Amino acid sequence: MRGLQHWRLLVPHAASSLRFPFTRAFAVVNPAMAPKLKLTYLDFKGFAEPIRLALFIGGFEFEDRRVTYGEIAELKEGGYLPFGSVPVLEVDGKVHSQTQALLRWAGRQAGLYPEDLQLQCDAVEEALVDVKKVLVPQWYGAMLGRNPTTKEPCVLLSPEQRAEVEEALNEAILPVRFQQLEQVLVASGGPFFCGDVLTICDLSFYVCASGILDGSYCGGIRPEVLAACPTLLELVKRVEEHPKVKEWNLKQE
Ligand SMILES: N[C@@H](CCC(=O)N[C@@H](CS)C(=O)NCC(=O)O)C(=O)O
Numbered sequence: 001m002r003g004l005q006h007w008r009l010l011v012p013h014a015a016s017s018l019r020f021p022f023t024r025a026f027a028v029v030n031p032a033m034a035p036k037l038k039l040t041y042l043d044f045k046g047f048a049e050p051i052r053l054a055l056f057i058g059g060f061e062f063e064d065r066r067v068t069y070g071e072i073a074e075l076k077e078g079g080y081l082p083f084g085s086v087p088v089l090e091v092d093g094k095v096h097s098q099t100q101a102l103l104r105w106a107g108r109q110a111g112l113y114p115e116d117l118q119l120q121c122d123a124v125e126e127a128l129v130d131v132k133k134v135l136v137p138q139w140y141g142a143m144l145g146r147n148p149t150t151k152e153p154c155v156l157l158s159p160e161q162r163a164e165v166e167e168a169l170n171e172a173i174l175p176v177r178f179q180q181l182e183q184v185l186v187a188s189g190g191p192f193f194c195g196d197v198l199t200i201c202d203l204s205f206y207v208c209a210s211g212i213l214d215g216s217y218c219g220g221i222r223p224e225v226l227a228a229c230p231t232l233l234e235l236v237k238r239v240e241e242h243p244k245v246k247e248w249n250l251k252q253e
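Residue numbers (full-length UniProt numbering): 1 to 253.
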């Protein structure tokens with residue numbers, strides 16, 4: 001990973017702001033020196049979308065490889081997945097894994113994870129990881145997700161327990177978590193979580209919240225969990241309006 005800086009030229013803040021408002025440093029990638037990138041994930045937004053967005057905003061060409069669960073099993077058998085899961089990112093032929101590691105790396109390359117904002121950015125990022133953790137039983141209908149060997153749901157929930165989990169997420173857990181994030185956003189002075197620059201935690205939040213609002217992020221989670229968070233809802237719109245995010249979303253239609 002050494003020498004990554006050679007792949008790109010950082011445009012000074014003022015110039016980059018003209019092209020992409022709120023992006024502190026925009027990477028102009030020299031194609032001749034750019035790394036060969038291949039991102040492997042399922043054919044939906046899920047954990048990979050913030051990484052896709054960070055790479056796209058950064059101007060990095062990458063192969064956006066979409067696989068099925070069956071293909072994940074084959075990749076795992078073939079030893080391609082270090083932890084048996086996706087997303088993984090190949091950088092010049094070397095496979096790297098774990099969402100948070102990949103997102104931070106992509107963010108660093110794209111100027112979306114500035115050193116001086118790391119503490120603020122990571123706190124929000126980790127709060128969103130907490131959200132993903134509590135959603136596991138809702139996603140899989142099982143306490144511990146999927147058994148890594150059999151792929152069967154691990155510690156299956158009864159219908160009553162599923163209803164209880166759904167109720168707790170909608171009524172108790174998620175509204176509180178989003179209210180905390182609302183307070184953090186307000187305290188930052190906005191319009192983004194780290195103040196006036198877009199960072200990777202805004203992308204993670206955008207993917208999660210926009211998916212909750214349109215019902216695609218997790219079945220059974222109601223948009224009302226965000227209802228008392230007007231500033232968060234503005235942030236969703238603001239990220240959606242970012243020229244590169246708009247361009248990426250249009251490409252996916
Ligand atoms: N800690 C890992 C978890 C990744 C994960 O759970 N990925 C799921 C898809 S969202 C997966 O690969 N599942 C494969 C399987 O269950 O066979 C990360 O953040 O990358």
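Where a beta carbon is used, it is the ideal one built from N, C-alpha and C, also for glycine.
Since the structure is predicted, the reported quantities are computational estimates derived from the model, not experimental observations.
- By the Cβ criterion, the stretch 33–41 is in contact with the stretch 80–94, since at least three pairs of Cβ atoms, one from each stretch, lie closer than 8 Å.
- Counting along the chain, the unbroken beta strand (DSSP E) around T40 starts and ends at 37–42.
- The three-state reading of DSSP puts V86 in coil, since its state is none of H, G, I, E or B.
- Here the alpha carbons of N30 and A168 stand approximately 49 Å from one another.
- Of all alpha-carbon atoms in R52, Q252, V197, K246, the one lying nearest the alpha-carbon of D116 is that of V197.
- One alpha carbon belongs to V245, the other to L53, and they sit about 7 Å apart.
- Between ligand 1 and the CB of V86, the shortest heavy atom gap is smaller than 7 Å.
- E164 and G59 have their alpha carbons spaced roughly 44 Å apart.
- Here the distance from the Cβ of I57 to the nearest heavy atom of ligand 1 is not below 7 Å.
- At least one heavy atom of ligand 1 lies less than 7 Å from the C-beta of K151.
- No Cβ-Cβ contact shorter than 8 Å links L75 with P87.
- Proximity of the beta carbon of Q120 to ligand 1 is not indicated: no heavy atom of the ligand is located closer than 7 Å.
- Here the alpha carbons of S210 and W248 stand approximately 15 Å from one another.
- Taking the CA atoms as reference points, P191 sits about 8 Å from L185.
- Where S210 is concerned, the enclosing alpha helix (DSSP H) starts and stops at 200–214.
- Here Q179 has A228, C229 as same chain residues with Cβ atoms under 7 Å from its own Cβ, once five neighbours each way along the sequence are excluded.
- Of all C-beta pairs linking the stretch 223–242 to the stretch 145–152, fewer than three are shorter than 8 Å, placing the two stretches out of contact.
- When secondary structure is reduced to three states using DSSP, D64 falls in the strand class.
- Proximity of the beta carbon of L42 to ligand 1 is indicated: a heavy atom of the ligand is located closer than 7 Å.
- Per DSSP, the beta bridge partners of L156 are A142.
- Taking a contact as a CB-CB distance under 8 Å, the pair I200 and G107 counts as one, their CB atoms being some 4 Å apart.
- Closest option to V176, judged by alpha-carbon separation, among D202, V131, G220, P159: V131.
- The three-state secondary structure of F192, taken from DSSP, is strand.
- Straight across, the Cα-Cα distance linking G78 with E182 is about 44 Å.
- Taking every protein chain shown into account, the CB of F44 has fewer than 16 other CB atoms within 10 angstroms, so this residue is exposed.
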